[in-house]
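Peer 1: The structure's right below; bear with me while I get my questions together.
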Amino acid sequence: MAREKIPFEELPYRPCVGVVLVNRDGLVFMGQRIGGPEHVDATHSWQMPQGGIDAGETPMEAAIRELYEETNVRSTTPIAEAEEWLAYDLPKPVAEEAWKGRYRGQTQKWIALRFTGDDDEINVRQPGGGHHKPEFTAWRWERLENTPELIIPFKRAVYDRVVKEFAPRLVALRASRGG
Numbered sequence: 045m046a047r048e049k050i051p052f053e054e055l056p057y058r059p060c061v062g063v064v065l066v067n068r069d070g071l072v073f074m075g076q077r078i079g080g081p082e083h084v085d086a087t088h089s090w091q092m093p094q095g096g097i098d099a100g101e102t103p104m105e106a107a108i109r110e111l112y113e114e115t116n117v118r119s120t121t122p123i124a125e126a127e128e129w130l131a132y133d134l135p136k137p138v139a140e141e142a143w144k145g146r147y148r149g150q151t152q153k154w155i156a157l158r159f160t161g162d163d164d165e166i167n168v169r170q171p172g173g174g175h176h177k178p179e180f181t182a183w184r185w186e187r188l189e190n191t192p193e194l195i196i197p198f199k200r201a202v203y204d205r206v207v208k209e210f211a212p213r214l215v216a217l218r219a220s221r222g223g
């Protein structure tokens, strides 16, 4: 017997994390996506690290793992965790291609981590010690407030909320450094 197809609007969200990696200057890591079904143009191909939460993982554990798998970064200390989960819907054709119609989008717990290493620790071409497929072609440090303009449009509302949630903390971090 064939399974009935669930209407798109009733599909669940995939539980994920997003990582705001903050350097000593209060700037955040942005990676330029290699591509994928959601890729629109070069301007909107930048994003912060994100990924799924594995069974049995806490959001913090998932954030640390995903960050390593996408950037090679291990040198971090926690700053803060967003109070709420933030969700976005993928465009229906993208969701069908990306997850074979199992999810309508992602619900994300955003976590801010301070990067305590040096920039040469970051390796987006051979992330995860060379054991993971690259997701980014390039990376840069950016002001958190600029990130919504760099992200693909259907994720912009989430990035606006991430800015609202974490910008005051980054201002406080910069002030505590005298910068």
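In the working numbering, the protein residues as written are 45 to 223.
Beta carbons are placed, not taken as given, at the ideal position from N, Cα and C, and that holds for glycine.
Only counting runs of 3 or more residues, tell me where the beta strand (DSSP E) segments fall wholly within the stretch 94-168, in order along the chain.
Peer 2: With a minimum length of 3 residues, the continuous beta strand (DSSP E) runs that stay inside the stretch 94-168 are 94-96, 120-125, 130-133 and 149-159.
Peer 1: Tell me, which residues are paired with residue 182 by DSSP?
Peer 2: Here residue 182 corresponds to residue number 138 of the sequence shown, with the count starting at 1. Answer is 76, bridged to residue 182.
Peer 1: Report buried or exposed for residue 107, applying the criterion of at least 16 other Cβ atoms within 10 angstroms of its Cβ.
Peer 2: Taking the sequence shown and counting its residues from 1, one reaches residue 107 at position 63. Residue 107 comes out buried.
Peer 1: Select from 113, 186, 146 and 208 the residue whose C-alpha is nearest the C-alpha of residue 59.
Peer 2: Against the sequence shown, residue 59 aligns to sequence position 15. The option with the nearest alpha carbon to residue 59 is 146.
Peer 1: Looking only at C-alpha atoms, which of 136, 96, 121 and 74 sits nearest to residue 55?
Peer 2: Translated into the one-based positions of the sequence shown, residue 55 becomes position 11. Per the Cα distances, 136.
Peer 1: How far does the beta strand (DSSP E) with residue 65 in it extend, from its first residue to its last?
Peer 2: Locating residue 65 in the sequence shown gives position 21, counting from the first residue. Counting along the chain, the beta strand (DSSP E) containing residue 65 begins and ends at 57-66.
Peer 1: Nearest to residue 102 by alpha carbon, out of 216, 61 and 144?
Peer 2: Here residue 102 corresponds to residue number 58 of the sequence shown, with the count starting at 1. Considering only alpha carbons, the answer is 61.
Peer 1: Closest to residue 124 by CA distance: which of 109, 113, 104 and 138 is it?
Peer 2: On the sequence shown, residue 124 is found 80 positions in, with the first residue counted as 1. Residue 124 has its Cα closest to that of 104, out of 109, 113, 104 and 138.
Peer 1: Could you check how far apart the C-beta atoms of residue 171 and residue 113 are, in whole angstroms? I think they sit under 8 Å.
Peer 2: Residue mapping note: residue 171 aligns to position 127 of the sequence shown, counting from 1. Residue mapping note: residue 113 aligns to position 69 of the sequence shown, counting from 1. Yes, they are in contact, since the Cβ atoms of residue 171 and residue 113 sit about 6 Å apart, within 8 Å.
Peer 1: Have a look at 191, 209 and 153 and flag the residue whose alpha-carbon is nearest the alpha-carbon of residue 88.
Peer 2: The count along the sequence shown starts at 1 and reaches residue 88 at position 44. If we check each option's Cα against that of residue 88, 191 comes out closest.
Peer 1: Give me, in chain order, the residues of the same chain whose beta-carbon lies closer than 8 Å to that of residue 45; leave out the 5 immediate sequence neighbours on both sides.
Peer 2: Residue mapping note: residue 45 aligns to position 1 of the sequence shown, counting from 1. Here the model assigns residue 45 a pLDDT of 49, short of 50, so the residue's position is not dependable, and the following value carries that caveat. Same-chain partners within the cutoff: there are none.
Peer 1: In whole angstroms, what is the alpha-carbon distance linking residue 174 and residue 211?
Peer 2: For the purposes of this step, residue 174 is taken as the residue at position 130 of the sequence shown. For the purposes of this step, residue 211 is taken as the residue at position 167 of the sequence shown. Looking at the two C-alpha atoms, the distance is approximately 33 Å.
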